[in-house]
Amino acid sequence: MRLVAFPALCAAIAAMLTFAAPAHAEKYPVAVFSGLDKITARVTSFAVTAGVPHRYGALEVTVRACDKAPPEEPPQTSAYVEVHQVDPGTGEVQPHAIFKGWMFAESPGLNALEHPVYDLWVTDCRNSSGGAPSGNE
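To convert, take the position in the sequence shown, counting from 1, and add 4; that gives the numbering used here.
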């Protein structure tokens, strides 16, 4: 009995070892966001280059990383984002971040920015900001 099971076990292990390992997420320098201004009901798409702060209304958005699964893998896009409030009177950025963490394009509600005026979510990662949509959708 053991002699018969051993070749089957070896074949099963060999079959598992031949499967390709999942590819790692690719890093991109630009994250694409959509933002909703709840007062005006306008949705705006904009691109943010990693490490460069971008103003969206009374928010300053800074992307630290943007990762995207390769095309042959199931879609998974994520960005590590810091969001700071901008003082409307002085225009100064508040030192304490109102959001700091990963946002996921496939699950925008999983780790969302909670703000009374703005909703913000990541939609894509790209190599350059030139191809990103801008303005209202």
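Using N, Cα and C, we set each Cβ at its ideal position, and we do this for glycine too.
Quick caveat: nothing in here was measured; it's all calculated off a predicted structure.
Cβ neighbours of residue i in the same chain (closer than 8 angstroms, five flanking residues each side left out)
{"i": "GLY55", "result": "THR66, VAL67, ARG68"}
{"i": "VAL121", "result": "ASP41, LYS42, ILE43, GLY61, ALA62"}
Member of the options whose CA lies at the smallest distance from the CA of residue i
{"i": "PRO99", "options": "PRO75, GLN89, ASP71", "result": "GLN89"}
{"i": "THR44", "options": "GLY61, VAL52, LYS31", "result": "GLY61"}
{"i": "PRO33", "options": "GLY39, ARG46, LYS72, GLU110", "result": "LYS72"}
{"i": "GLY105", "options": "GLY113, VAL85, PRO120, PRO112", "result": "VAL85"}
{"i": "PRO75", "options": "ALA101, SER49, LEU114, HIS28", "result": "HIS28"}
Where residue i sits in the DSSP three-state scheme
{"i": "ILE43", "result": "coil"}
{"i": "GLN89", "result": "strand"}
{"i": "PRO57", "result": "coil"}
{"i": "THR48", "result": "strand"}
{"i": "GLU77", "result": "coil"}
Bounding residues of the beta strand (DSSP E) (the contiguous stretch that carries residue i)
{"i": "ALA109", "result": "From DSSP, ALA109 is part of no beta strand (DSSP E); its letter is neither H nor E."}
Contacting residues, own chain, Cβ-Cβ under 6 angstroms from residue i (five flanking each side not counted)
{"i": "PHE103", "result": "VAL87, LEU117"}
{"i": "ALA24", "result": "At ALA24, the pLDDT of 44 sits below 50, so the modelled position is not reliable and the matter cannot be decided from this model."}
{"i": "ALA51", "result": "VAL34, VAL36, SER133, ALA136"}
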